[in-house]
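> Residue numbers (the numbering used here): -5 to 159. Have a look at this one before I ask anything.
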């Protein structure tokens, strides 16, 4: 199914190495805006630095794939010490394919992490990888996003994995 979500979390920081190990995931393709930070914000969200450090210590490979242009993505990725693919063209599979190739992992060991149904979720499913949905950090205020978010409602997850920590 095109809008299948493997697991849903309130925030990216709710994803733990233990959960990933149970799913057989060794690499994460991370969305940028409203997943790691708010839209167009140059600073990561609360707890993101610590979460990334935990992922790295547990040998989880990480790469940002964003539809944004390099001038937005590069400084953010460099600040986090992550590789990136800009202009990923999600939901098309170009960005996912490049990321998996650069990670050197089989597709079955990689999951996408993101907040948008029509880019992140659809793209992960078209590419054939697991999808870890996170609720947006903050809802955008533009008319385009307001309409898009309303259209996503039928596909949003009903159950979330809650981090007990």
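C-beta: ideal position from N, C-alpha, C; glycine also.
What three-state label does DSSP hand residue 89 in the structure shown?
In the structure shown, residue 89 adopts helical secondary structure according to DSSP, grouped into three states.
> Got a sec, what are the start and stop residues for the alpha helix (DSSP H) residue 66 sits in?
Start and end: 64 to 74.
> With respect to the alpha helix (DSSP H) encompassing residue 17, which residues constitute its N-terminal and C-terminal limits?
Residue 17: member of the alpha helix (DSSP H) spanning 11 to 17, first to last residue.
> Taking the alpha helix (DSSP H) that residue -5 falls in, what are its first and last residues?
It is not in any alpha helix (DSSP H) - residue -5 carries neither H nor E in the DSSP assignment.
> Smallest Cα separation from residue 63: which of 146, 82, 142, 77?
For residue 63, the closest of 146, 82, 142, 77 by C-alpha to C-alpha distance is 82.
> Specify, as a first and last residue, the run of the alpha helix (DSSP H) that residue 160 falls within.
The question about residue 160 has no answer, for the chain in this structure spans -5 to 159.
> For residue 71, which residues from the same chain have a beta carbon less than 6 angstroms from its beta carbon, with the 5 sequence-adjacent residues on both sides left out?
58, 78
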